[in-house]
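Residue numbers for the sequence shown, in our numbering: 2 to 81.
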Amino acid sequence: MKAIGRLTTAATIGSATTAFAASGAENDGMGLLTILFLGFGALIITLQLFPGVLLFVSMLKGAFSKGEPAQAQAASNRNR
């Protein structure tokens, strides 16, 4: 049993030496597809922001503007 444990440990350490030897200096920065993906995401957020702001402003207008009283509004709906 000790021999199998030693063999397994040696195999694990022996296969990990290539990972320890990697310097990581091969990184070239972001690729073209990464930049396009991030740009596409920014475009979606920008295009969704405009209608959202318009909806929010109209909601605030409706909340803080003086509307017709409820009785006058109900009477105008009955006359139609």
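No residue lacks a Cβ here, since even glycine has one placed at the ideal position from N, Cα and C.
- Secondary structure at S77: helix, using DSSP grouped into helix, strand and coil.
- Straight-line measurement puts the Cα of L44 at about 16 Å from the Cα of V54.
- G32 carries a coil assignment under DSSP once its states are collapsed to helix, strand and coil.
- Annotated three-state conformation of K62 is helix, per DSSP.
- Annotated three-state conformation of K3 is helix, per DSSP.
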